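**Student:** Residue numbers (full-length UniProt numbering): 1 to 273. Positions of the beta carbon are idealized from the N, C-alpha and C atoms, including for glycine. Treat the numbers as computed from the prediction; the structure is a model and nothing was measured.
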Amino acid sequence: MPYCNVQKANIYYEEIGSGTPIVMIHGFSPDHRLMKGCMEPIFQERDGYRRIYIDLPGMGQTKDYESIQNSDEMLVAVIQFIDTKLQEDSFLIAGESYGGYITRGVIAKMPERVMGAAFICPMIIPDKNARTLPEHANIQVDHEFLTTLTEEKREDFKGIHVKLDEYTWKRYNEEVVAGMKIADPAFLEKISGAYEFSFSIDQEVFPKPSVFIAGRQDHITGYKDVFDILDKYPRATFAVFDVAGHNLQIDQGELLNTHVGDWLDRVNLNTKL
Numbered sequence: 001m002p003y004c005n006v007q008k009a010n011i012y013y014e015e016i017g018s019g020t021p022i023v024m025i026h027g028f029s030p031d032h033r034l035m036k037g038c039m040e041p042i043f044q045e046r047d048g049y050r051r052i053y054i055d056l057p058g059m060g061q062t063k064d065y066e067s068i069q070n071s072d073e074m075l076v077a078v079i080q081f082i083d084t085k086l087q088e089d090s091f092l093i094a095g096e097s098y099g100g101y102i103t104r105g106v107i108a109k110m111p112e113r114v115m116g117a118a119f120i121c122p123m124i125i126p127d128k129n130a131r132t133l134p135e136h137a138n139i140q141v142d143h144e145f146l147t148t149l150t151e152e153k154r155e156d157f158k159g160i161h162v163k164l165d166e167y168t169w170k171r172y173n174e175e176v177v178a179g180m181k182i183a184d185p186a187f188l189e190k191i192s193g194a195y196e197f198s199f200s201i202d203q204e205v206f207p208k209p210s211v212f213i214a215g216r217q218d219h220i221t222g223y224k225d226v227f228d229i230l231d232k233y234p235r236a237t238f239a240v241f242d243v244a245g246h247n248l249q250i251d252q253g254e255l256l257n258t259h260v261g262d263w264l265d266r267v268n269l270n271t272k273l
């Protein structure tokens, strides 16, 4: 299995394709399968991209991470991975939820190398109590399918997803829950107690093509807080999808594909200018 050894972790990763590198960073608790399920459909009709999916420390199959103490050191591990795998090359980056927060840290530390950024359900504010959040809602419900689930699984499903049907359940289990089951809960609890970077991010304008995609019913990270940083991303599209929660890549996969595709097109145009 492919691993990349950095100072405080041995990072598991998977690579698909060749060409422009895109580093994919999942959220807090799942693993690389979340971003793989989210992004790979987009590249079935797009050549020329080297997709690099990582498992963050404490998640997935990444090993030897126990000495990492906080989000600062999580970010250092990601940057060391990028430096090791890509040397001095420029790259694209896509982050989901906590991965979006790490992405903003990468931009703060090495903005000249980042050609563009995609943020999916991004965590803008680390302090959960300070976030502006909408009410969660179940909008499209297959009641007959729900009767096939145990009460525990049904309540978990209803608590996170806006669409409740067999397709959504299958992807949720394969791409999200499967990773959460193998995460290190004690390590994640430690990191969640030191969740915020010790330094300021979004201090400088990031002038490269970007996209922020949020769910209108996302009660985990919300969508309104994105407005507070948009001025720092003058080339960003900001989309809020209805009938979409914190796993909007499953709730609204086709819309996501369209917006990420548009972002890639804008990056290509920008590099030719």
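#1: Excluding sequence positions up to five away, which residues of its chain have a Cβ less than 8 Å from the Cβ of Q140?
#2: Please name the residue or residues paired with G116 in a DSSP beta bridge.
#3: Leaving aside the five residues before and after G159 along the sequence, list all residues of the same chain whose C-beta is less than 8 Å from its C-beta, in chain order.
#4: What did DSSP end up calling F145 once you bin it into helix, strand or coil?
#5: Which same chain residues, not among the five before or five after V176, have their C-beta less than 7 Å away from its C-beta?
#6: Using beta-carbon positions only, say whether V240 and R216 come within less than 9 Å of one another.
#7: Counting C-beta neighbours from all protein chains within 10 Å, is the total for R46 16 or more, i.e. buried, or is it exposed?
#8: If you reduce the DSSP assignment to three classes, tell me which class F227 lands in.
#9: E196: buried (16+ other C-beta within 10 angstroms of its C-beta) or exposed?
#10: Determine the burial state of E96: buried for a count of at least 16 other Cβ atoms within 10 Å of its Cβ, exposed for fewer.
#11: So the alpha helix (DSSP H) G100 belongs to, where does it begin and stop?
#12: Where DSSP assigns a beta bridge to F4, which residues make up the other side?
#13: Going by DSSP in three states, Q80 sits in which element: helix, strand or coil?
#14: Given a cut-off of 9 Å, decide if I68 and M110 are closer than it, judged by their beta-carbon atoms.
#15: Rounded to a whole number of angstroms, what is the C-alpha to C-alpha distance between E40 and G48?
#16: If we call anything under 9 Å between Cβ atoms a contact, is S198 one with N70?
#17: Does the contact criterion of 3 or more C-beta pairs under 8 Å hold for the stretch 119-134 versus the stretch 213-227?
#18: Select from P2, H259, T271 the residue whose C-alpha is nearest the C-alpha of Y12.
#19: Taking only the alpha-carbon atoms, compute the straight-line gap between D231 and V205 and give it to the nearest angstrom.
#20: Beta-carbon within less than 8 Å of E15's beta-carbon, same chain only, minus the 5 sequence neighbours each way: which residues are those?
**Tutor:** Taking the structure as given:
#1: For Q140, where only same-chain residues beyond five positions count, the Cβ hits under 8 Å are V162, K163, L164, D165, V243.
#2: In the DSSP assignment, the residues bridged to G116 are L92.
#3: If we look at G159 and ignore the five residues flanking it on each side, its Cβ neighbours are H136.
#4: Here F145 sits in helix by DSSP.
#5: Counting only Cβ-Cβ distances below 7 Å, and skipping sequence neighbours, we find P30, L34, N247.
#6: With a cutoff of 9 Å on beta-carbon distance, V240 and R216 are scored as near each other.
#7: Under this definition R46 is an exposed residue.
#8: Residue state, collapsed to three classes: helix.
#9: Classification of E196: exposed, given that the 10 Å Cβ count is below 16.
#10: So E96 counts as buried.
#11: Its alpha helix (DSSP H) spans residues 98-109.
#12: For the record, residue 4 in the displayed sequence is Cys; it is not Phe. Looking at the DSSP assignment, C4 forms a beta bridge with I11.
#13: DSSP places Q80 in helix when its eight states are reduced to three.
#14: In this structure, M110 lies away from I68, with their beta-carbon atoms at least 9 Å apart.
#15: Each residue's alpha carbon lies about 13 Å from the other.
#16: Yes. Within cutoff.
#17: Two segments are said to touch when three or more pairs of C-beta atoms, one from each, lie closer than 8 Å; by this definition the stretch 119-134 touches the stretch 213-227.
#18: The option with the nearest alpha carbon to Y12 is P2.
#19: Between D231 and V205, the C-alpha separation is close to 8 Å.
#20: Excluding sequence neighbours, E15 sits near P2, R50, R51, I52, Y53.
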